[in-house]
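Residue numbers (full-length UniProt numbering): 1 to 184. Note that the Cβ used here is the ideal one computed from N, Cα and C, for glycine as well. Only a predicted model underlies this, so the values are computations on that prediction, with no experimental measurement involved.
So this is what it looks like as structure tokens:
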């Protein structure tokens, strides 16, 4: 049979061990700490309005926070954070700021897409990164690629040239340029 401990065989509770705090004790401690924190915050920042200093209910941040709605609580928390961070009250700014007008010189220039620039993507296995690598190697379109030897393409592309099917790309470029060069 398995051993089941009976109340007589259990070790007695050591009277020196503190009892775990009850829920009421934990809530009382939390309230005490909140009051202490509110008191310290009140000492750190003097009230800006003399009328607020005279009224203890308004001077107490916990009371003001309990009367505030959910939006006010978030705004109050933000203001307290900014005040603690900078040591001064946050500037009063409108909540909604109109979008600033973007000046023409601030807009990023987009290159005009030409059919020659996009024809490199017709090569098998070529995506935007390989198109970029080809452009960096001085190859802007299939017409630039067609006269090259595969070894020259590998040399121009550098380390990435060993990973690409250079002979297949050159053949594709030659076929494509020969097809487009045919008279109508």
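Boundaries (first-last residue) of the alpha helix (DSSP H) holding residue i
i	result
residue 165	Premise fails: residue 165 is in no alpha helix (DSSP H) and is neither H nor E.
residue 133	128-136
residue 33	23-44
residue 155	150-157
residue 144	142-145
Other residues of its chain near residue i: CB distance less than 6 Å, five sequence neighbours each side excluded
i	result
residue 139	145
residue 116	Only weak support is given to the placement of residue 116: the predicted model assigns it a pLDDT of 46, under 50, and the value that follows is read from those uncertain coordinates. Excluding positions up to five away in sequence, the list reads 141.
residue 32	none
Beta-carbon proximity of residue i to residue j, cut-off 8 Å
i	j	result
residue 161	residue 170	no
residue 137	residue 156	yes
residue 210	residue 158	Nothing in the structure corresponds to residue 210, since the chain is present only between 1 and 184.
residue 150	residue 166	yes
residue 45	residue 83	yes
Pairwise C-alpha distance: residue j and residue i
i	j	result
residue 172	residue 132	18 Å
residue 176	residue 143	8 Å
residue 163	residue 130	11 Å
residue 41	residue 21	28 Å
residue 180	residue 174	10 Å
residue 29	residue 23	10 Å
residue 35	residue 78	20 Å
residue 25	residue 43	27 Å
residue 190	residue 134	Since the first residue shown for the chain is 1 and the last is 184, residue 190 is missing from the structure and cannot be characterised.
residue 97	residue 75	With a pLDDT of 47 at residue 97, under the threshold of 50, the predicted position of this residue should be treated as unreliable, though the coordinate-derived value follows. Taking the straight line joining both Cα atoms gives about 16 Å.
residue 27	residue 39	18 Å
residue 80	residue 122	58 Å
Own chain residues within Cβ distance below 7 Å of residue i, not counting five before or after
i	result
residue 126	120
residue 86	none
residue 128	none
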